[in-house]
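Visitor: Have a look at the structure that comes next, please.
Number of protein chains: 2
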Amino acid sequence: MAGVRQFDEDEVVATALDVFWRKGLHDATMQDLAAATGVQRGSLYNAYGDKEAIFLRAFDRYAEQFLEAAGNALAQGDAASGLKSFFDMIIVNMTDGSPPRGCLTTRTALDAAISSTDVQQRVQGVLARLEQLIGKAINRAPGKRSVADANRLARVIVTFTRGLAVMERAGYSRKQLRESATTFIEAVVGNA
Amino acid sequence: MAGVRQFDEDEVVATALDVFWRKGLHDATMQDLAAATGVQRGSLYNAYGDKEAIFLRAFDRYAEQFLEAAGNALAQGDAASGLKSFFDMIIVNMTDGSPPRGCLTTRTALDAAISSTDVQQRVQGVLARLEQLIGKAINRAPGKRSVADANRLARVIVTFTRGLAVMERAGYSRKQLRESATTFIEAVVGNA
DNA sequence: GTTAATCTTGACGATGATGTCAAGAATGAA
DNA sequence: TTCATTCTTGACATCATCGTCAAGATTAAC
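Chains as they are written, first to last, in the working numbering: chain H, 1 to 192; chain B, 1 to 192.
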């Protein structure tokens with residue numbers, strides 16, 4: 001062990017996450033990553049192999065953060081107010097930054113036609129875990145809903161969050177997204 | 001007028017649409033278009049200027065087809081069964097082909113960070129027109145819904161369709177998408 | 001302090017995409 | 001038939017990115 005790594009790996013991954021979030025897996029280049037991290041392209045190749053390997057690390061970090069935040073939001077109050085917090089959280093998450101960064105998972109899902117199996121699995125993993133979190137949260141509701149119904153509903157909610165991410169990319173404002181989310185919650189959870 | 005165009009423009013645009021639908025605006029290259037249409041790259045540049053100009057023509061064609069099909073589906077039966085037909089239509093639309101092509105509008109929306117204002121406006125145009133079609137369709141329902149409520153609901157439905165498109169990219173099957181759509185319709189339209 | 005392993009750096013070649021252009025082919029119009 | 005215009009073709013220059021590598025720098029371990 002000599003000739004020691006000159007950069008902080010955690011810092012590089014965090015910075016890489018920022019780059020990927022703003023540009024997307026496909027459009028972010030190794031030069032972008034090198035410039036943002038201050039680490040030479042050659043060193044990044046040496047340390048990680050290729051761009052996708054860096055992305056996977058960055059995405060894992062993102063997924064942990066995101067799912068933890070989602071779980072916390074969903075746990076607030078009863079099922080309905082948990083959902084409201086959750087939607088607030090993800091809308092802020094995707095409209096943050098200038099210009100807004102959007103949703104990394106959604107963007108990656110649409111890049112995924114080109115991406116590797118690894119990347120696709122990460123995306124599926126996040127969506128599946130999110131679905132479980134939501135399922136658990138709405139099962140707290142006192143309604144006479146069956147577990148199977150709750151699971152289906154959880155998937156509908158996940159799907160709707162993906163829709164919000166697309167609408168954000170299409171140019172809808174934070175306020176507009178919030179309005180849609182509110183309408184959605186009222187329509188779906190207010191009843192049922 | 002001499003030295004006459006050697007190819008059928010309608011045919012070229014139709015073929016280009018197929019290429020863009022499968023590969024996306026960003027990933028489809030002029031070489032792809034040349035190969036698929038049988039028209040040399042130079043001729044395409046001469047005739048249209050650049051890739052985006054071809055895309056805009058192809059996308060306009062797509063938008064007309066799509067919105068007409070959406071309008072027809074929504075007009076079937078009462079509001080609820082119109083919605084059901086509509087969701088059937090878009091799910092087939094995005095899962096068709098092997099591998100499935102996905103939704104061109106959604107894919108373009110997510111490419112749009114890189115795209116021109118023109119492209120972004122087309123995407124917004126399709127979503128806005130779709131929202132109007134849906135709004136009209138659900139206003140037929142005999143419920144005591146206000147027009148403002150119907151408009152908000154229409155946007156929620158558009159948003160959900162975008163979510164389905166993302167889920168398709170993430171690997172969900174036609175059957176799974178249908179199940180979510182059914183659950184969504186029941187939850188949102190069954191009540192309200 | 002010497003050694004050996006590892007990291008860093010900058011340059012290199014390969015690839016694939018873009019947009020342009022000159023020369024030649026084709027054809028409507030006179 | 002001739003002309004003028006437009007289209008077609010293939011080659012060209014440019015650019016950005018990728019991935020690799022040899023030479024040098026650095027440092028842990030002995």
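Note that CB positions come from ideal geometry on N, CA and C, so glycine has one too.
With DSSP as the reference, label H/S116 as helix, strand or coil.
Guide: coil
Visitor: For the alpha helix (DSSP H) holding H/R5, just list the boundary residues, first then last.
Guide: Premise fails: H/R5 is in no alpha helix (DSSP H) and is neither H nor E.
Visitor: Below 8 Å, how does it come out for the region 15–35 of chain H and the region 45–64 of chain H: are there three or more Cβ pairs, yes or no?
Guide: The region 15–35 of chain H, when compared against the region 45–64 of chain H, does touch it at the 8 Å Cβ threshold.
Visitor: Evaluate H/T117 with the Cβ neighbour count: other Cβ atoms within 10 Å of its Cβ, from every protein chain shown; 16 or more gives buried, anything less gives exposed.
Guide: exposed
Visitor: With a cut-off of 9 Å, does the C-beta of B/A63 fall near any C-beta of chain H?
Guide: False, the Cβ-Cβ gap to chain H never drops below 9 Å.
Visitor: Taking a Cβ distance cut-off of 8 Å, strictly less, list which residues of the region 159–172 of chain B are near chain H, in chain order.
Guide: T159, F160, T161, R162, G163, L164, A165, V166, M167, R169, A170 and G171
Visitor: Quick one: what's got a C-beta closer than 8 Å to B/K175's C-beta in the same chain, skipping five residues either side?
Guide: none
Visitor: Cα-Cα, which of H/T105, H/R178 and H/R101 is closest to H/F59?
Guide: H/T105
Visitor: Below 8 Å between beta carbons is the criterion; list the residues of the region 115–142 of chain B that meet it against any residue of chain H, in chain order.
Guide: Q120, V123, Q124 and L127
Visitor: Which residue's Cα is closest to the Cα of B/R101: B/L74, B/M167, B/V12 and B/Q31?
Guide: B/M167
Visitor: Flag this pair as yes or no: are the beta carbons of B/A137 and B/L83 separated by less than 9 Å?
Guide: Yes. Within cutoff.
Visitor: With respect to the alpha helix (DSSP H) encompassing B/V188, which residues constitute its N-terminal and C-terminal limits?
Guide: R174 to V188 is the extent of the alpha helix (DSSP H) around B/V188.
Visitor: Between B/A73 and H/D8, what straight-line distance do the alpha-carbon atoms span, to the nearest angstrom?
Guide: 56 Å
Visitor: Counting Cβ pairs closer than 8 Å, one from the region 155–170 of chain B and one from the region 77–94 of chain B, do we hit at least three?
Guide: yes
Visitor: When we look at the beta-carbon of H/D111 and count the other beta-carbons within 10 Å, is it buried (16 or more) or exposed?
Guide: buried
Visitor: Specify the secondary structure class of B/S197 as computed by DSSP and reduced to three states.
Guide: The requested residue 197 of chain B does not occur in the structure, where chain B is confined to residues 1 to 192.
Visitor: H/V188 and B/V188 look like a contact to me (Cβ under 8 Å); what is the Cβ gap, rounded to whole Å?
Guide: 6 Å
Visitor: Residues of chain H with CB under 7 Å from B/R155, in chain order?
Guide: S180
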